[in-house]
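Enquirer: Submitted below is the structure of interest, expressed as C-alpha coordinates.
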Amino acid sequence: MLIATSRTVHTGFEEQAAPVQILEGDVAALARGEVYRVVALKNGDLFMCTETESQTVATGIEQDIECLIIIDEEPLRLLIGTGESHIYCYDDGKTHRVESFDQLSVRDKWYTPWGGPPDVRSFARTTDGWVYADIHVGSIMRSADWGETWEPVTPDLHDDVHQVATSPRDDGRVYANTARAVFVSDDRGRSWSHRSEGFPYYYGRAIAVHPDDPDCVLATVSKGPHGEASGQLYRSDDAGGTWEHVTAGFPGTVPHNIDTFHIAFSKDGCAWAAVGKTLYTSADRGKTWERVWEASEKIRMIA
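This is how it looks when you write it as C-alpha coordinates:
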(Lines of atoms letter the chains of each structure in order from A and count residues from 1; the text may use other names and numbers.)
(Lines give C-alpha, C1' and ligand atoms only; values in the text may rest on other atoms or scores of the structure.)
Protein backbone atom coordinates (compact mmCIF):
# COMPACT_ATOMS: atom_id res chain seq x y z
CA MET A 1 0.00 0.00 0.00
CA LEU A 2 0.87 3.64 -0.47
CA ILE A 3 -0.45 5.93 2.27
CA ALA A 4 -0.15 9.71 1.94
CA THR A 5 -0.74 12.59 4.30
CA SER A 6 -0.32 16.15 3.07
CA ARG A 7 3.42 15.99 3.79
CA THR A 8 4.55 12.35 3.81
CA VAL A 9 4.19 9.08 1.92
CA HIS A 10 4.50 5.68 3.59
CA THR A 11 4.54 2.22 2.08
CA GLY A 12 3.88 -0.97 3.95
CA PHE A 13 1.78 -3.88 5.20
CA GLU A 14 2.48 -6.20 2.27
CA GLU A 15 6.07 -7.17 3.01
CA GLN A 16 6.66 -5.57 6.40
CA ALA A 17 4.69 -5.25 9.61
CA ALA A 18 4.46 -1.46 9.74
CA PRO A 19 4.53 1.38 7.21
CA VAL A 20 7.88 2.89 6.28
CA GLN A 21 8.18 6.51 5.22
CA ILE A 22 9.58 6.83 1.69
CA LEU A 23 9.05 10.53 1.01
CA GLU A 24 8.50 13.90 2.62
CA GLY A 25 7.00 16.67 0.49
CA ASP A 26 3.78 18.34 -0.61
CA VAL A 27 1.87 15.34 -1.98
CA ALA A 28 -0.61 15.74 -4.84
CA ALA A 29 -1.35 12.21 -6.15
CA LEU A 30 -0.32 8.54 -5.93
CA ALA A 31 -0.08 5.57 -8.29
CA ARG A 32 0.96 2.00 -7.52
CA GLY A 33 2.06 -0.56 -10.11
CA GLU A 34 3.61 -4.00 -10.06
CA VAL A 35 7.14 -2.56 -9.96
CA TYR A 36 6.88 1.20 -9.53
CA ARG A 37 5.43 3.43 -6.85
CA VAL A 38 4.86 6.97 -8.14
CA VAL A 39 4.10 10.14 -6.18
CA ALA A 40 3.23 13.46 -7.82
CA LEU A 41 4.23 16.51 -5.81
CA LYS A 42 2.45 19.85 -5.82
CA ASN A 43 5.42 21.51 -7.54
CA GLY A 44 4.93 19.22 -10.55
CA ASP A 45 7.77 16.82 -9.78
CA LEU A 46 7.36 13.04 -9.89
CA PHE A 47 8.98 10.79 -7.30
CA MET A 48 9.37 7.25 -8.67
CA CYS A 49 10.73 4.27 -6.80
CA THR A 50 11.13 0.50 -7.04
CA GLU A 51 12.35 -1.92 -4.40
CA THR A 52 15.97 -1.02 -5.20
CA GLU A 53 16.11 2.55 -6.53
CA SER A 54 14.35 5.90 -6.65
CA GLN A 55 14.50 9.17 -8.55
CA THR A 56 12.71 12.50 -8.77
CA VAL A 57 12.05 14.13 -12.13
CA ALA A 58 10.58 17.49 -13.08
CA THR A 59 7.60 17.49 -15.44
CA GLY A 60 7.15 21.20 -15.99
CA ILE A 61 3.41 20.85 -15.36
CA GLU A 62 2.06 24.17 -14.07
CA GLN A 63 -1.54 23.17 -13.27
CA ASP A 64 -2.41 21.42 -10.00
CA ILE A 65 -1.95 17.66 -10.35
CA GLU A 66 -5.11 15.81 -9.27
CA CYS A 67 -4.50 12.15 -10.21
CA LEU A 68 -2.07 9.65 -11.74
CA ILE A 69 -2.26 6.28 -13.42
CA ILE A 70 0.49 3.92 -14.56
CA ILE A 71 -0.03 2.81 -18.16
CA ASP A 72 3.19 0.82 -18.64
CA GLU A 73 6.26 0.02 -16.56
CA GLU A 74 8.81 -1.06 -19.21
CA PRO A 75 9.56 1.79 -19.78
CA LEU A 76 7.53 3.77 -17.29
CA ARG A 77 4.57 5.58 -18.87
CA LEU A 78 2.03 7.60 -16.88
CA LEU A 79 -1.06 9.66 -17.46
CA ILE A 80 -1.36 12.72 -15.22
CA GLY A 81 -4.68 14.49 -14.68
CA THR A 82 -4.67 18.15 -13.68
CA GLY A 83 -6.74 21.16 -12.82
CA GLU A 84 -8.26 23.02 -15.76
CA SER A 85 -9.02 19.54 -17.16
CA HIS A 86 -5.82 18.61 -18.93
CA ILE A 87 -4.06 15.27 -19.27
CA TYR A 88 -0.31 14.96 -19.55
CA CYS A 89 1.66 11.88 -20.59
CA TYR A 90 4.98 11.08 -18.95
CA ASP A 91 6.81 8.65 -21.21
CA ASP A 92 10.30 7.41 -20.27
CA GLY A 93 11.56 10.77 -19.04
CA LYS A 94 9.59 13.14 -21.26
CA THR A 95 6.29 14.86 -20.54
CA HIS A 96 3.77 16.26 -23.03
CA ARG A 97 0.17 17.41 -22.93
CA VAL A 98 -2.35 15.13 -24.65
CA GLU A 99 -3.71 17.29 -27.45
CA SER A 100 -6.59 14.98 -28.37
CA PHE A 101 -8.02 15.45 -24.86
CA ASP A 102 -7.76 19.24 -25.17
CA GLN A 103 -9.63 19.07 -28.49
CA LEU A 104 -12.74 17.31 -27.16
CA SER A 105 -15.81 19.21 -28.34
CA VAL A 106 -17.65 18.56 -25.06
CA ARG A 107 -15.15 20.56 -22.99
CA ASP A 108 -17.36 23.65 -23.08
CA LYS A 109 -20.01 21.71 -21.11
CA TRP A 110 -17.69 20.97 -18.18
CA TYR A 111 -18.10 23.07 -15.04
CA THR A 112 -17.84 23.26 -11.27
CA PRO A 113 -20.69 24.24 -8.91
CA TRP A 114 -18.57 27.11 -7.54
CA GLY A 115 -17.70 28.50 -10.97
CA GLY A 116 -14.03 27.56 -11.10
CA PRO A 117 -12.33 25.46 -13.78
CA PRO A 118 -13.14 21.71 -13.76
CA ASP A 119 -10.54 19.02 -13.00
CA VAL A 120 -9.57 15.56 -14.16
CA ARG A 121 -10.36 13.94 -10.81
CA SER A 122 -9.49 10.25 -11.25
CA PHE A 123 -8.37 7.61 -13.75
CA ALA A 124 -9.06 3.92 -14.25
CA ARG A 125 -7.74 1.48 -16.87
CA THR A 126 -8.41 -2.00 -18.21
CA THR A 127 -5.95 -4.74 -19.08
CA ASP A 128 -6.60 -4.34 -22.83
CA GLY A 129 -5.86 -0.65 -23.34
CA TRP A 130 -8.98 1.29 -22.35
CA VAL A 131 -8.54 4.25 -20.01
CA TYR A 132 -11.26 6.29 -18.29
CA ALA A 133 -10.92 9.83 -16.90
CA ASP A 134 -13.63 11.38 -14.77
CA ILE A 135 -14.23 15.10 -15.08
CA HIS A 136 -15.37 17.08 -12.08
CA VAL A 137 -17.86 18.14 -13.33
CA GLY A 138 -18.43 16.67 -16.81
CA SER A 139 -19.07 12.91 -16.78
CA ILE A 140 -16.36 10.47 -17.97
CA MET A 141 -14.08 10.49 -21.00
CA ARG A 142 -12.69 7.24 -22.40
CA SER A 143 -9.76 6.14 -24.54
CA ALA A 144 -9.43 2.82 -26.39
CA ASP A 145 -5.69 3.25 -27.07
CA TRP A 146 -3.97 3.78 -23.71
CA GLY A 147 -4.77 7.49 -23.63
CA GLU A 148 -3.76 8.55 -27.14
CA THR A 149 -7.25 9.58 -28.30
CA TRP A 150 -10.38 10.38 -26.31
CA GLU A 151 -14.17 10.52 -26.53
CA PRO A 152 -17.03 10.88 -24.02
CA VAL A 153 -18.90 7.89 -22.65
CA THR A 154 -22.64 7.80 -23.26
CA PRO A 155 -23.89 10.37 -20.72
CA ASP A 156 -26.58 8.19 -19.11
CA LEU A 157 -24.98 8.60 -15.69
CA HIS A 158 -24.95 11.65 -13.43
CA ASP A 159 -22.33 14.10 -14.73
CA ASP A 160 -20.92 14.94 -11.27
CA VAL A 161 -18.51 11.98 -11.09
CA HIS A 162 -16.20 11.73 -8.08
CA GLN A 163 -14.31 8.52 -8.88
CA VAL A 164 -14.17 6.03 -11.74
CA ALA A 165 -13.01 2.40 -11.39
CA THR A 166 -12.52 -0.76 -13.46
CA SER A 167 -11.97 -4.47 -12.82
CA PRO A 168 -8.90 -6.44 -13.96
CA ARG A 169 -11.24 -9.45 -14.34
CA ASP A 170 -13.81 -7.81 -16.63
CA ASP A 171 -12.52 -5.31 -19.18
CA GLY A 172 -16.03 -4.33 -20.24
CA ARG A 173 -17.21 -3.12 -16.86
CA VAL A 174 -16.84 0.45 -15.59
CA TYR A 175 -17.93 1.79 -12.20
CA ALA A 176 -18.56 5.39 -11.15
CA ASN A 177 -19.48 6.98 -7.84
CA THR A 178 -21.28 10.26 -8.38
CA ALA A 179 -23.36 12.93 -6.68
CA ARG A 180 -26.27 10.50 -7.27
CA ALA A 181 -24.46 7.40 -5.97
CA VAL A 182 -23.14 4.48 -8.03
CA PHE A 183 -23.55 3.81 -11.74
CA VAL A 184 -22.20 0.71 -13.52
CA SER A 185 -21.64 0.01 -17.21
CA ASP A 186 -21.11 -3.47 -18.65
CA ASP A 187 -20.22 -2.23 -22.15
CA ARG A 188 -17.29 0.17 -21.63
CA GLY A 189 -19.50 3.18 -20.96
CA ARG A 190 -21.95 2.85 -23.84
CA SER A 191 -24.83 2.45 -21.38
CA TRP A 192 -25.21 2.76 -17.60
CA SER A 193 -27.42 1.45 -14.83
CA HIS A 194 -28.04 3.23 -11.53
CA ARG A 195 -27.07 0.93 -8.63
CA SER A 196 -28.35 2.61 -5.46
CA GLU A 197 -30.59 0.08 -3.67
CA GLY A 198 -29.70 0.03 0.02
CA PHE A 199 -28.11 3.47 0.29
CA PRO A 200 -29.69 5.89 2.79
CA TYR A 201 -28.10 8.82 0.96
CA TYR A 202 -27.08 9.26 -2.66
CA TYR A 203 -24.10 11.62 -2.53
CA GLY A 204 -21.17 9.33 -3.41
CA ARG A 205 -17.44 9.91 -3.32
CA ALA A 206 -15.12 6.84 -3.38
CA ILE A 207 -15.36 3.46 -5.09
CA ALA A 208 -13.07 0.40 -5.20
CA VAL A 209 -13.32 -3.04 -6.85
CA HIS A 210 -11.90 -6.37 -5.65
CA PRO A 211 -8.99 -7.42 -7.91
CA ASP A 212 -10.33 -10.97 -8.41
CA ASP A 213 -14.10 -10.45 -8.33
CA PRO A 214 -15.76 -7.72 -10.43
CA ASP A 215 -18.97 -8.10 -8.40
CA CYS A 216 -17.31 -7.23 -5.07
CA VAL A 217 -17.40 -3.44 -4.70
CA LEU A 218 -16.89 -0.89 -1.94
CA ALA A 219 -18.41 2.58 -2.12
CA THR A 220 -18.91 5.57 0.18
CA VAL A 221 -21.96 7.81 0.42
CA SER A 222 -23.07 10.76 2.54
CA LYS A 223 -25.72 13.45 2.87
CA GLY A 224 -23.75 15.89 0.76
CA PRO A 225 -20.46 17.71 0.16
CA HIS A 226 -20.50 20.06 3.17
CA GLY A 227 -21.23 20.30 6.88
CA GLU A 228 -22.29 17.24 8.87
CA ALA A 229 -22.11 14.92 5.87
CA SER A 230 -22.56 11.62 7.80
CA GLY A 231 -20.20 9.60 5.62
CA GLN A 232 -20.72 5.84 5.46
CA LEU A 233 -19.03 2.83 3.84
CA TYR A 234 -21.01 0.18 1.93
CA ARG A 235 -20.15 -3.08 0.23
CA SER A 236 -21.78 -5.14 -2.52
CA ASP A 237 -21.35 -8.71 -3.75
CA ASP A 238 -23.51 -8.24 -6.85
CA ALA A 239 -21.84 -5.30 -8.63
CA GLY A 240 -23.98 -2.76 -6.83
CA GLY A 241 -27.31 -4.50 -7.29
CA THR A 242 -27.70 -4.34 -3.51
CA TRP A 243 -25.61 -2.65 -0.83
CA GLU A 244 -24.79 -3.55 2.77
CA HIS A 245 -23.77 -0.96 5.37
CA VAL A 246 -20.30 -1.72 6.79
CA THR A 247 -20.16 -1.45 10.59
CA ALA A 248 -18.16 -4.48 11.87
CA GLY A 249 -14.92 -2.98 13.16
CA PHE A 250 -15.48 0.19 11.11
CA PRO A 251 -17.25 3.43 12.08
CA GLY A 252 -20.89 3.21 11.07
CA THR A 253 -21.00 6.94 10.40
CA VAL A 254 -18.29 9.61 10.37
CA PRO A 255 -18.97 13.38 10.40
CA HIS A 256 -17.32 14.02 7.02
CA ASN A 257 -17.16 12.37 3.62
CA ILE A 258 -15.01 9.28 3.13
CA ASP A 259 -13.45 10.84 0.10
CA THR A 260 -12.14 9.90 -3.33
CA PHE A 261 -8.96 7.78 -2.93
CA HIS A 262 -9.80 6.92 0.70
CA ILE A 263 -10.74 3.30 -0.03
CA ALA A 264 -8.81 0.72 -2.05
CA PHE A 265 -8.09 -2.96 -2.59
CA SER A 266 -4.54 -4.26 -2.68
CA LYS A 267 -3.60 -6.94 -5.21
CA ASP A 268 -3.92 -9.68 -2.54
CA GLY A 269 -7.62 -8.85 -2.13
CA CYS A 270 -7.37 -7.02 1.18
CA ALA A 271 -9.52 -3.92 1.47
CA TRP A 272 -8.25 -0.65 2.95
CA ALA A 273 -9.93 2.53 4.13
CA ALA A 274 -8.71 5.78 5.66
CA VAL A 275 -10.78 7.79 8.14
CA GLY A 276 -9.02 10.80 9.59
CA LYS A 277 -5.62 9.63 10.86
CA THR A 278 -6.71 5.97 11.05
CA LEU A 279 -6.06 3.26 8.49
CA TYR A 280 -8.40 0.24 8.51
CA THR A 281 -8.09 -3.07 6.70
CA SER A 282 -10.35 -6.03 5.90
CA ALA A 283 -9.31 -9.54 4.87
CA ASP A 284 -12.84 -10.75 4.07
CA ARG A 285 -13.97 -8.59 1.15
CA GLY A 286 -14.89 -5.63 3.32
CA LYS A 287 -17.23 -7.45 5.71
CA THR A 288 -15.23 -6.98 8.93
CA TRP A 289 -12.48 -4.46 9.61
CA GLU A 290 -9.70 -3.68 12.07
CA ARG A 291 -7.55 -0.65 12.80
CA VAL A 292 -3.96 -1.21 11.71
CA TRP A 293 -2.21 2.17 11.87
CA GLU A 294 -2.47 5.71 13.17
CA ALA A 295 -0.75 8.36 11.06
CA SER A 296 0.76 11.52 12.55
CA GLU A 297 -1.76 13.63 10.62
CA LYS A 298 -4.86 13.13 8.50
CA ILE A 299 -4.49 10.57 5.70
CA ARG A 300 -5.26 12.28 2.37
CA MET A 301 -5.17 9.29 0.01
CA ILE A 302 -4.23 5.63 -0.34
CA ALA A 303 -3.36 3.49 -3.36
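Quick note on my numbering: the sequence shown kicks off at 3 and runs consecutively.
We put the CB at the ideal spot given by N, CA and C, even for glycine.
Source: prediction; values computed, not measured.
#1: Ignore the nearest five residues each way along the sequence and tell me which others in M303's own chain have a CB closer than 6 Å to its CB.
#2: Would you mind sorting Q165 into buried or exposed? The rule is 16 or more other CB atoms within 10 Å of its CB.
#3: Please go through the same chain and pick out, in chain order, the residues whose beta-carbon is closer than 6 Å to the beta-carbon of I24, but skip the five residues on each side of it.
#4: When you compare the CB positions of P120 and V108, do they come within less than 8 Å of one another, or not?
#5: Quick check on DSSP: helix, strand or coil for V108?
#6: Can you tell which of T283, A276, E292, D147 has the C-alpha that lies nearest to the C-alpha of H299?
#7: So, at 7 Å on beta carbons, what are the nonlocal neighbours of A266 in its own chain, with the 5 sequence-adjacent residues on each side left out?
#8: Once the 5 residues before and after A214 are set aside, which same chain residues still bring their CB inside 7 Å of it?
#9: Less than 8 Å between the C-beta atoms of S169 and V184, yes or no?
#10: For I63, which beta-bridge partners are listed by DSSP?
#11: For D104, which of G200, I137, G254, K269 has the nearest alpha-carbon?
#12: Which residue comes first and which comes last in the beta strand (DSSP E) that contains H196?
#13: So, for G131: in the same chain, excluding its five sequence neighbours on each side, which residues have a beta-carbon less than 7 Å away from its beta-carbon?
#14: Would the segment 81-99 and the segment 61-70 be scored as touching if the rule is three or more Cβ pairs under 8 Å?
#15: For the beta strand (DSSP E) that contains Y203, what are its first and last residues?
Expert: To lay it out plainly:
#1: Locating residue 303 in the sequence shown gives position 301, counting from the first residue. If you ignore the 5 residues before and after M303, its C-beta comes within less than 6 Å of the C-beta of A6, L32, F263, all in its own chain and listed in chain order.
#2: On the sequence shown, residue 165 is found 163 positions in, with the first residue counted as 1. Sixteen is the threshold: when 16 or more other Cβ atoms of the shown chains lie within 10 Å of the Cβ of Q165, as they do, the residue is buried.
#3: In the sequence shown, counting from the first residue as 1, residue 24 sits at position 22. Excluding residues within five positions, the ones whose Cβ falls inside 6 Å are V11, T13.
#4: By one-based count along the sequence shown, residue 120 stands at place 118. By one-based count along the sequence shown, residue 108 stands at place 106. In this structure, V108 does not lie closer than 8 Å to P120 by Cβ.
#5: Here residue 108 is taken as the residue at index 106 of the sequence shown, counted from 1. Reduced to three states, the DSSP call for V108 is helix.
#6: Stepping through the sequence shown from its first residue, residue 299 is reached at position 297. Reading the sequence as shown, one finds Glu at residue 299 and not His. Comparing alpha-carbon positions, the option among T283, A276, E292, D147 lying closest to E299 turns out to be A276.
#7: To locate residue 266, count along the sequence shown from 1; it is residue 264. Same-chain partners within the cutoff: A210, W274, I304, A305.
#8: Residue mapping note: residue 214 aligns to position 212 of the sequence shown, counting from 1. Here the sequence assigns Asp to residue 214, which means Ala is not the residue at that position. Non-local beta-carbon contacts of D214 in its own chain, meaning distances under 7 Å to residues more than five positions away in sequence, involve R171, G271 in chain order.
#9: Within the sequence shown, residue 169 is the residue found at index 167, counting from 1. Within the sequence shown, residue 184 is the residue found at index 182, counting from 1. No, the pair does not count as a contact, with Cβ atoms beyond the cut-off.
#10: Looking up residue 63 in the sequence shown gives position 61. Its beta-bridge partners do not exist; DSSP assigns none.
#11: Counting from 1 along the sequence shown, the entry for residue 104 is found at position 102. Taking only the C-alpha atoms, the option nearest D104 is I137.
#12: Stepping through the sequence shown from its first residue, residue 196 is reached at position 194. Segment 195-197, the beta strand (DSSP E) holding H196.
#13: Here residue 131 corresponds to residue number 129 of the sequence shown, with the count starting at 1. Once the five neighbours on either side are set aside, the close Cβ partners of G131 are A146, D147, W148.
#14: The segment 81-99, when compared against the segment 61-70, does touch it at the 8 Å Cβ threshold.
#15: Here residue 203 refers to the residue found at position 201 of the sequence shown. Looking at the DSSP string, Y203 is not in any beta strand (DSSP E), and its letter there is neither H nor E.
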